[in-house]
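S.K.: Residues 2 to 86, numbered by this note's numbering, are exactly what the sequence shown covers, in order.
Built from N, CA and C at the ideal position, the CB exists for glycine as well.
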Amino acid sequence: MKIAVFSSIWIALLTINNVGATTEKESDAKHRAETVAQHKAMAKAHEEAAKCLESGKPEESCHEQLLKACKGLGIGKRCGMKHSH
Numbered sequence: 002m003k004i005a006v007f008s009s010i011w012i013a014l015l016t017i018n019n020v021g022a023t024t025e026k027e028s029d030a031k032h033r034a035e036t037v038a039q040h041k042a043m044a045k046a047h048e049e050a051a052k053c054l055e056s057g058k059p060e061e062s063c064h065e066q067l068l069k070a071c072k073g074l075g076i077g078k079r080c081g082m083k084h085s086h
């Protein structure tokens, strides 16, 4: 009797552990997809800023456009990317 109860508890714990592992994998996949989307959005904003500069518009205007496009995505004044001028 004790063995049957112990076995039932052990099986239940293993089942719960497997469900947790699946949820963790799904969570990792979701996080990865969100990160990829953020990087693509930042890359698009930077590409648009580069095109703005290539068009001859003032740097200040292009940087303002970049800040608007990157709102909530990147960190800092340049949407998470820094370089010297």
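Assign residue 73 to buried or exposed, taking buried as 16 or more other Cβ atoms, counted over all protein chains shown, within 10 Å of its Cβ.
M.R.: Exposed, since its Cβ has fewer than 16 Cβ neighbours within 10 Å.
S.K.: Assuming residue 54 and residue 60 are in contact, meaning their beta carbons sit under 8 Å apart, how far apart are those beta carbons, in whole angstroms?
M.R.: Right, their Cβ atoms sit about 7 Å apart.
S.K.: Using a 10 Å radius around the Cβ and a threshold of 16 neighbouring Cβ atoms, would you call residue 75 buried or exposed?
M.R.: Classification of residue 75: buried, given that the 10 Å Cβ count is 16 or more.
S.K.: How far does the alpha helix (DSSP H) with residue 67 in it reach, from first residue to last?
M.R.: Taken as a continuous stretch (DSSP letters only), the alpha helix (DSSP H) holding residue 67 covers 60–70.
S.K.: Let me see if you follow: with CB-CB separation under 8 Å, is residue 55 close to chain B or not?
M.R.: In the structure shown, chain B cannot be found, because there is only a single protein chain.
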